[in-house]
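Engineer: In numbering that gives the first Met the number 0, the protein residues as written are 0 to 259. Using N, Cα and C, we set each Cβ at its ideal position, and we do this for glycine too. Mind looking over this structure? Questions follow.
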Amino acid sequence: MQALPKLDAVEFRKVLGTGTTKPCVFQCEDSSGKPAGEYATKLRGGVRSNEIGLQYEFIAWHLAEYFNVPHLPAALITIEEELTSTIQDREVREHVKKSIGLNFGTEFRAGFNTWVADDTIPLSLQKTAAEIVAFDAVIENVDRKRDKPNLLFKGDELLVLDHELAFSFIQTVGLNLNNWNSKRLEFLSHHAFQRGLKGKALDLTDFVSTLRGLSNKMITGICDAVPPEFGAVSAKIPAHLKAIRENATTVMDIIREIFK
Ligand SMILES: Nc1ncnc2c1ncn2[C@@H]1O[C@H](COP(=O)(O)OP(=O)(O)OP(=O)(O)O)[C@@H](O)[C@H]1O
Ligand SMILES: [Mg+2]
Numbered sequence: 000m001q002a003l004p005k006l007d008a009v010e011f012r013k014v015l016g017t018g019t020t021k022p023c024v025f026q027c028e029d030s031s032g033k034p035a036g037e038y039a040t041k042l043r044g045g046v047r048s049n050e051i052g053l054q055y056e057f058i059a060w061h062l063a064e065y066f067n068v069p070h071l072p073a074a075l076i077t078i079e080e081e082l083t084s085t086i087q088d089r090e091v092r093e094h095v096k097k098s099i100g101l102n103f104g105t106e107f108r109a110g111f112n113t114w115v116a117d118d119t120i121p122l123s124l125q126k127t128a129a130e131i132v133a134f135d136a137v138i139e140n141v142d143r144k145r146d147k148p149n150l151l152f153k154g155d156e157l158l159v160l161d162h163e164l165a166f167s168f169i170q171t172v173g174l175n176l177n178n179w180n181s182k183r184l185e186f187l188s189h190h191a192f193q194r195g196l197k198g199k200a201l202d203l204t205d206f207v208s209t210l211r212g213l214s215n216k217m218i219t220g221i222c223d224a225v226p227p228e229f230g231a232v233s234a235k236i237p238a239h240l241k242a243i244r245e246n247a248t249t250v251m252d253i254i255r256e257i258f259k
């Protein structure tokens, strides 16, 4: 498993997005002071339950790596108090001040557009799109919707981002993790790819075998790698990942039914 690089934010560039978390782009450098590029940084002061949203970003990133779902290179970004005094805008400065310490960043890619939910999915991307849907089932990500695709797009490249609202089952009281039915995956009927994939035969064969191969060792490795600064990992996360692996065929059948 790949360890994420640790970088320092050294210069504020801009605020991103229209949502509540207001990620910021920072110029970063490595521990030897070498420039490391710009990172879109999800701030601990902006995400759900402070660091827990960052924990979900971290775990989802490693699962995207495992499942080969296209995603951005990521890094752990340290913000120091000193940096905040260089930010002119008072509101942004206060926002960044609440995020001193460790944060989660993805390499900033200019020139990408947000995927438009009504767009036709090019044939060359249909398998990737189906796998992204299946990935969202695995991480129970309710936040890749028609109005908030959280997908970057350029030419024939699609990239997933924004997983701080994944693992939504954690909020459900009394959920039987082994009970898979269409209600459990109902959120996928609002998925950003719902229109584009509707009526298509979803090619999930490779995804299912990768899911079946998700070892307990891999699950433990990812959970154990979560930096303590991102909070303790709920035992429900590894339990869910094991349960979805054991029910892989049922889950994929439910997905196919939703996109029928
Ligand atoms: N690494 C990146 N490179 C380029 N653009 C990015 C990157 N990370 C985020 N963005 C852009 O910033 C937007 C906001 O980021 P993100 O989705 O993580 O936060 P958010 O609070 O959910 O905002 P929104 O509600 O606007 O989606 C994304 O929708 C995307 O357009
Ligand atoms: Mg978003």
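Could you tell me which of V207, E50, K182 sits nearest to L42, measuring between CA atoms?
Structural biologist: Selected option, being the one with the closest Cα: E50.
Engineer: Is it the case that the stretch 7-24 contacts the stretch 183-200, given that we only count it when at least three CB pairs across the two stretches are under 8 Å?
Structural biologist: No, they do not touch.
Engineer: Please report the straight-line C-alpha distance between L82 and L157, rounded to a whole angstrom.
Structural biologist: C-alpha separation (whole angstroms): 33 Å.
Engineer: Have a look at T77 and D223 and give me their C-alpha separation to the nearest angstrom.
Structural biologist: So the alpha carbons of these two residues sit roughly 20 Å apart.
Engineer: Could you check if P148 is buried or exposed, using at least 16 other CB atoms within 10 Å of its CB as the buried criterion?
Structural biologist: Under this definition P148 is a buried residue.
Engineer: Round the Cβ separation of G44 and K97 to the nearest angstrom and send it over; I've been treating them as touching at under 8 Å.
Structural biologist: With 8 Å as the limit, G44 and K97 qualify as a contact, their Cβ atoms being about 3 Å apart.
Engineer: Is it buried or exposed, G154, if we count other Cβ atoms within 10 angstroms and call 16 or more buried?
Structural biologist: When all chains shown are included, G154 counts as exposed.
Engineer: Where DSSP assigns a beta bridge to Q26, which residues make up the other side?
Structural biologist: According to DSSP, which records beta bridges pairwise, Q26 is partnered with E10, E37.
Engineer: Is any heavy atom in ligand 1 found nearer than 6 Å to the beta carbon of P237?
Structural biologist: No, the Cβ of P237 stays beyond 6 Å of every heavy atom of ligand 1.
Engineer: Considering only the beta carbon of each residue, do K235 and I169 sit closer than 7 Å?
Structural biologist: Cβ atoms of K235 and I169: closer than 7 Å.
Engineer: Short of 8 Å in beta carbon distance, which residues of its chain neighbour V132, apart from the five on each side in sequence? Order them along the chain.
Structural biologist: Excluding positions up to five away in sequence, the list reads L187, H190, F192, L196, L201, I254, F258.
Engineer: Do V159 and Q54 come within 7 Å of each other at the CB atom, strictly closer than that value?
Structural biologist: Not closer than 7 Å, so no.
Engineer: Return the Cβ separation of I105 and A39 in integer angstroms, given the expectation that the two are a contact with Cβ distance under 8 Å.
Structural biologist: Per the sequence shown, residue 105 should be read as Thr rather than Ile. Rounded, the Cβ-Cβ distance is 5 Å, consistent with contact.
Engineer: In chain order, what residues of the same chain lie with their CB nearer than 6 Å to the CB of W179, ignoring the 5 residues before and after it?
Structural biologist: These residues qualify, in order along the chain: N246, T249, V250.
Engineer: With a threshold of 6 Å, establish whether the CB of N149 neighbours any heavy atom of ligand 2.
Structural biologist: N149 Cβ: within cutoff of ligand 2.
Engineer: Checking the sheet assignment: what are the DSSP bridge partners for L187?
Structural biologist: Note: L187 sits in no beta bridge, so no partner.
Engineer: Taking 7 Å as the cut-off, decide whether the C-beta atoms of I218 and L203 are in contact.
Structural biologist: It is not a contact, given that the beta carbons lie outside the stated cut-off.
Engineer: Under a Cβ-count criterion, where at least 16 other Cβ atoms within 10 Å of its own Cβ denotes burial, should P34 be classed as buried or exposed?
Structural biologist: With fewer than 16 other Cβ atoms within 10 Å, it is exposed.
Engineer: Skipping 5 residues on each side, what residues in its chain have a beta carbon closer than 7 Å to that of E333?
Structural biologist: Nothing in the structure corresponds to residue 333, since the chain is present only between 0 and 259.
Engineer: CB-CB under 6 Å to K126, same chain, minus the five flanking residues each way: which ones, in chain order?
Structural biologist: Result list for K126: D202, in chain order.
Engineer: Indicate the three-state DSSP secondary structure (helix, strand or coil) for K97 in the structure shown.
Structural biologist: Coil, per DSSP.
Engineer: Straight-line CA distance for S30 to L151?
Structural biologist: If you take the alpha carbons of S30 and L151, they lie about 29 Å apart.
Engineer: Could you work out which residue in L101, T171, A59 is closest to P4 when comparing CA atoms only?
Structural biologist: Checked all of L101, T171, A59; the closest Cα to P4 is L101.
Engineer: For G2, which of V46, A59, S214, A74 has the nearest alpha-carbon?
Structural biologist: Just to set this straight, residue 2 is Ala in the shown sequence, not Gly. The shortest C-alpha separation from A2 is found at A74.
Engineer: Could you tell me which residues DSSP pairs with V159 in its beta bridges?
Structural biologist: DSSP, once it has assigned bridges, lists H70, L150 as partnering V159.
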